[in-house]
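Each residue of the sequence shown is one higher than the one before, starting from 616 at the first, in the numbering used here.
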Amino acid sequence: MNVKNSIIPALSNNNHELFHSNLWQWLIEQDHSFVKVFFDKFKIDNYEEVKREDKHLDLTIIDNDNNYYIIENKVKSIPSKRQLEEYKTKIDKKKKINKKSYLLISLMQPQKDMLSNGWEGMSYLDMSKKLKKFVKKSNKKIIKKYKYLLIEYCKYIEYMDNEITNNKYVSEKKYFIDENKIEGSILKDTLKKIKMEKLKEYMQGKLNKYNEELSKKGYAYRVFTGFYNTYPTLTIRICDKEKLKTDKKHQGIEIQIEGKQYRFMVRIKKRLKKDSWETALNIFGKTGFIVPNSKIENKDGKKIIHGYVSSMEGDHCNYKGKYEGDIDGVYQYYNLEDIKYKDLAERVCKDFEEISKNILSKEKFKEYFTK
616 MNVKNSIIPA LSNNNHELFH SNLWQWLIEQ DHSFVKVFFD KFKIDNYEEV
666 KREDKHLDLT IIDNDNNYYI IENKVKSIPS KRQLEEYKTK IDKKKKINKK
716 SYLLISLMQP QKDMLSNGWE GMSYLDMSKK LKKFVKKSNK KIIKKYKYLL
766 IEYCKYIEYM DNEITNNKYV SEKKYFIDEN KIEGSILKDT LKKIKMEKLK
816 EYMQGKLNKY NEELSKKGYA YRVFTGFYNT YPTLTIRICD KEKLKTDKKH
866 QGIEIQIEGK QYRFMVRIKK RLKKDSWETA LNIFGKTGFI VPNSKIENKD
916 GKKIIHGYVS SMEGDHCNYK GKYEGDIDGV YQYYNLEDIK YKDLAERVCK
966 DFEEISKNIL SKEKFKEYFT K
């Protein structure tokens with residue numbers, strides 16, 4: 616498919632997920648049998664209505680028996696297990712619902728543990744194959760009228776799937792600083808997110824060996840991704856294991872990978888006026904995790920952080936509760952180059968062990984992560 620000559624990317628450019636969800640809603644309203652593309656056992660004669668963004672859910676299909684069929688759509692963003700669980704909890708609280716079915720439609724395959732607790736999964740490619748059959752079988756004039764456009768839509772989905780499945784930028788186990796490999800792709804941001812998800816999966820596999828050791832000390836870790844200012848971010852956060860179960864905002868130690876930066880971050884809660892990023896800088900600077908200004912080396916006019924060149928202008932970076940209310944943070948970073956996953960994981964594991972030895976093993980630091 617020559618995607619540049621297709622009308623579909625132009626129609627969907629502003630918001631991919633809204634475009635697809637709106638199209639699916641329109642198809643369901645024009646021909647109720649389209650629901651069976653998603654839910655095979657749906658009884659067409661029982662159809663009542665379809666809702667968009669009800670309780671922040673992409674599509675909610677309701678039948679006359681008050682059965683709910685929920686669709687969560689992920690195309691440019693990455694599915695999150697926590698988000699799926701939160702959505703399901705919202706619906707489960709409704710007392711008048713009879714039966715509930717949950718379906719995640721995603722461009723990339725979700726992680727193995729994500730589709731649990733009642734959620735099923737379907738790829739965009741499988742959905743498009745079913746849509747083609749639906750278009751051929753539908754007797755509705757409006758569907759026949761837009762048959763060409765719907766087939767073009769299916770071809771576009773095939774193009775997106777091929778971009779992700781066969782893209783060497785995504786498949787190669789290497790962290791790339793240079794994005795020339797995906798320059799010009801209409802799925803550039805999506806490819807970057809998926810690439811970071813691949814690194815996340817790889818890193819989780821390498822860090823599993825630390826679970827027991829951290830737990831004995833009262834800590835746990837979480838590996839997650841985000842997307843800020845066109846950059847995907849991988850965060851490995853170590854914090855109190857009980858707070859990790861209940862709180863969304865955590866004080867703790869972090870290793871972050873974003874763009875050209877490998878970061879060392881401390882986040883503490885502002886319990887008292889004196890507790891802030893300055894506290895974190897002073898206290899954790901003594902551990903070597905955050906390098907004190909007096910100990911930062913310079914080589915050829917460039918700062919050296921943990922043995923690597925850094926382009927930081929100052930001796931650290933900080934934020935004052937900008938993103939998470941009462942949590943302050945301070946961090947330093949060194950510059951990353953293209954690096955294999957294996958070598959990057961070795962760095963993270965080494966830093967993990969240093970954190971465990973110099974910080975997590977000492978009782979005096981615990982209050983900064985628990986109170």
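Cβ atoms here follow ideal geometry from the backbone N, Cα and C, with glycine treated the same way.
- Assignment of Met-880 by DSSP, reduced to helix, strand and coil, places it in the strand class.
- When Cβ pairs closer than 8 Å are counted between the two stretches, the segment 731-751 is seen to touch the segment 759-773, the count reaching three or more.
- Ranking Thr-902, Glu-701, Cys-854 and Cys-932 by CA distance to the CA of Lys-981 puts Cys-854 first.
- Beta-carbon to beta-carbon, Ser-738 and Pro-694 are separated by about 12 Å, too far to satisfy the 8 Å threshold.
- Note that the segment 683-701 touches the segment 648-656; at least 3 beta-carbon pairs, one per stretch, sit closer than 8 Å.
- Gly-833 places its beta carbon 8 Å or farther from that of Lys-858.
- Counting only unbroken stretches of 4 or more residues, the alpha helix (DSSP H) elements lying wholly within the segment 687-730 are 696-707, in sequence order.
- DSSP places Val-963 in the uninterrupted alpha helix (DSSP H) bounded by 956-970.
- In the three-state reduction of the DSSP assignment, Asp-741 falls in the helix class, which pools H, G and I.
- Sequence-distant Cβ neighbours of Lys-972 in its own chain, meaning closer than 6 Å and more than five residues away, do not exist here.
- Met-818 and Thr-845 have their alpha carbons spaced roughly 22 Å apart.
- Per DSSP, the continuous alpha helix (DSSP H) segment holding Tyr-817 begins and ends at 803-822.
- Close CB contacts of Asp-966 within its chain, under the 7 Å cut and outside five residues either way in sequence, are with Ile-870 (chain order).
- When DSSP states are grouped into helix, strand and coil, Phe-634 belongs to the helix group.
- At a Cβ-Cβ threshold of 8 Å, Lys-808 and Phe-842 count as neighbours.
- Within its own chain, the residues whose Cβ lies closer than 8 Å to the Cβ of Cys-932, once the five positions on either side in sequence are excluded, are Val-945, Tyr-946, Gln-947 and Tyr-948, listed in chain order.
- Residue environment for Leu-764: exposed (fewer than 16 other C-beta atoms within 10 angstroms of its C-beta).
- One thing to note: Glu-668 has its Cβ no nearer than 8 Å to the Cβ of Ile-677.
- Pairing Gly-733 with Lys-703 gives a Cβ-Cβ distance under 8 Å.
- In the three-state reduction of the DSSP assignment, Leu-951 falls in the coil class.
- In chain order, Lys-711, Ile-712 and Asn-713 place their CB closer than 8 Å to the CB of Asn-681, counting only its own chain and leaving out the 5 sequence neighbours on each side.
- Rounded to whole angstroms, Thr-848 and Gln-645 show a C-alpha spacing of 41 Å.
- Asp-943 counts as buried, since at least 16 other C-beta atoms from the protein chains shown sit within 10 angstroms of its C-beta.
- Around Gln-866, the same chain offers Cys-854, Arg-882, Ile-883, Lys-884, Ile-942, Tyr-983 and Phe-984 as residues with beta carbons nearer than 7 Å, after the five sequence neighbours per side are excluded.
- Comparing alpha-carbon positions, the option among Lys-708, Glu-700 and Asn-754 lying closest to Met-729 turns out to be Glu-700.
- Per DSSP, the beta-bridge partners of Val-924 are Ile-919.
- One alpha carbon belongs to Gly-922, the other to Tyr-934, and they sit about 25 Å apart.
- In this structure, Lys-831 sits away from Ala-960, with a CB-CB distance that is not shorter than 8 Å.
- Sorting Val-924, Trp-639 and Ile-970 by C-alpha distance to the C-alpha of Ile-758 places Trp-639 at the top.
- Rounded to the nearest angstrom, the gap between the Cα atoms of Ile-954 and Glu-828 is 28 Å.
- Taking Asp-804 as the centre and dropping the five residues before and after it, the same chain places the C-beta of Lys-691, Phe-842 and Thr-845 closer than 8 Å to its C-beta, in chain order.
- Annotated three-state conformation of Val-750 is helix, per DSSP.
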